[in-house]
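Residue numbers (our numbering): 2 to 152. Beta carbons are placed, not taken as given, at the ideal position from N, Cα and C, and that holds for glycine.
Pasting the structure below:
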């Protein structure tokens, strides 16, 4: 499990307790895209996400362009800006794809996966050969002490 890293979606982040989000496991293994942190701005601990932020950079935006080019015109499953739905979803895929590509330079690369309950994100991840886990699957991976952490 040490060779795995996770990009966390807001729907999965909301299912974690504050102690789970503050755990050593979360800090070491998880990254939260800047856009997801923006969506989580109403969490009481929102200011504590700096140590796990996956920042939006120029190189990430280049990968995001690649992800968006793979979305068919008129397809609003992954993102629908008019309905204010899924603004962070393509960024999740781009973060995992960028991180996966950076790892390819190493002999023993980390495996990057997206933790989400969003069907469109899971579907788009398949297109780029990125693993996904549901929030329930991710919770089952947490160390025993973190799984039952009170809210």
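Distance from the CA atom of residue 12 to the CA atom of residue 107, rounded to whole angstroms, is 31 Å.
Short of 7 Å from the beta carbon of residue 90, and not among the five residues preceding or following it, lie these beta carbons of its own chain, in chain order: 79, 80, 119, 121 and 122. Residue range 19-22 is occupied by the alpha helix (DSSP H) that includes residue 19. One Cα belongs to residue 42, the other to residue 94, and the distance between them is close to 21 Å. Within its own chain, the residues whose Cβ lies closer than 7 Å to the Cβ of residue 34, once the five positions on either side in sequence are excluded, are 8, 55, 89, 92, 93 and 96, listed in chain order. With at least 16 other beta carbons inside 10 angstroms of its own, residue 125 counts as buried.
Residue 133 is bridged by DSSP to 115.
Annotated three-state conformation of residue 102 is helix, per DSSP. For residue 31, the beta-bridge partners assigned by DSSP are 7.
With a 10 Å radius around the Cβ and a threshold of 16 neighbouring Cβ atoms, residue 40 comes out buried. Secondary structure note for residue 122: its alpha helix (DSSP H) is the uninterrupted segment 120-128.
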